[in-house]
Amino acid sequence: MGTYQHAVQTQVNPVDGAMSLLSATILNCAKEYISRQERLSHPAGTFDNAKRFSLAEKYPCCDDIRFPSRRFPYPEMTHGRSLQHVAHEFGVAQHLKIIRQATNRLKKHGLADAETFLRSPRVMRQLLEADLSV
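Shown next, in the form of C-alpha cells:
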C-alpha cells in the first residue's frame with residue numbers, strides 16, 4: 030500500500046577532521062533517533078492491505094517483536110523508532126550507552142555540547158575499548 034522512506038536529512042559533516050568517523054556516525058544515529066521519536070522521519074517499511082506495517086530491514090534486535098495483526102498493526106513501526114533498532118541501522122549497536130548519552134546532550138544542550146562530549150578523552154577511550162573487544 031504505502032512505503033516510508035527517511036524524510037529528514039540528518040547527516041553531520043566532521044569539522045576539520047576533529048571528529049572521528051565513528052563519532053560522526055554516533056551523532057548521526059542520535060539525530061535520526063530524535064527525528065523518529067518526534068515523528069519527523071519514519072522507519073523504512075511498507076503497509077499491507079490491512080494497514081499493518083512491516084519493516085523493510087530486520088536486524089537481530091527485531092527477533093522478539095510481535096508480528097503485526099489487524100488488532101495491533103504497528104509493533105514493528107514502534108520498534109523501528111527505538112534506539113536499539115536505529116543503532117543497528119547505523120551499525121553502532123555496541124555503543125548504545127554512548128549513543129543514549131549523546132542523545133540526551135543533543136536534546137538538552139544542542140549540537141555543540143554533543144560534539145564536545147563525543148570528542149572527550151573518556152568517550153574516545155570507551156569507543157576504542159569497545160571496538161577492540163569485538
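Quick note on this note's numbering: the sequence shown kicks off at 30 and runs consecutively. Where is the CB? At the ideal position from N, CA and C, for every residue including glycine.
7 Å CB neighbourhood of residue i in its chain, flanking five on each side removed
| i | result |
| --- | --- |
| F82 | G74, F76, P97, P102, Y103, E105 and M106 |
| V44 | Any reading at V44 must be qualified, since the residue scores a pLDDT of 44, below 50, and its modelled position is unreliable; the value itself is stated next. Closer than 7 Å at the Cβ level, and outside the excluded window around V44, lies no residue. |
| K126 | none |
Buried or exposed (CB count within 10 angstroms, at least 16 for buried), residue i
| i | result |
| --- | --- |
| G109 | buried |
| P72 | buried |
| A47 | Any reading at A47 needs caution, since the residue's pLDDT is 45, under 50, leaving its predicted position unreliable; the model's value is listed next. So A47 ends up on the exposed side. |
| H117 | buried |
Length of the line joining the Cα atoms of residue i and residue j
| i | j | result |
| --- | --- | --- |
| R148 | E61 | 20 Å |
| S3 | L157 | Nothing about residue 3 can be reported from this structure: the residues present for the chain run from 30 to 163 only. |
| E144 | I94 | 33 Å |
| S162 | H114 | 22 Å |
| S49 | M153 | 9 Å |
| G88 | R129 | Reading off the sequence shown, one finds Tyr at residue 88, where the question assumed Gly. Roughly 19 Å between the two C-alpha positions. |
Close-in-space but distant-in-sequence residues of the same chain around residue i (CB under 6 Å, 5 per side omitted)
| i | result |
| --- | --- |
| S52 | L147 |
At which residue ranges does the region 46-129 contain complete alpha helix (DSSP H) runs of 4 or more residues, listed in the order of the chain? Entirely contained in the region 46-129, the alpha helix (DSSP H) runs reaching 4 residues are, in chain order, 50-66, 104-109 and 112-119.
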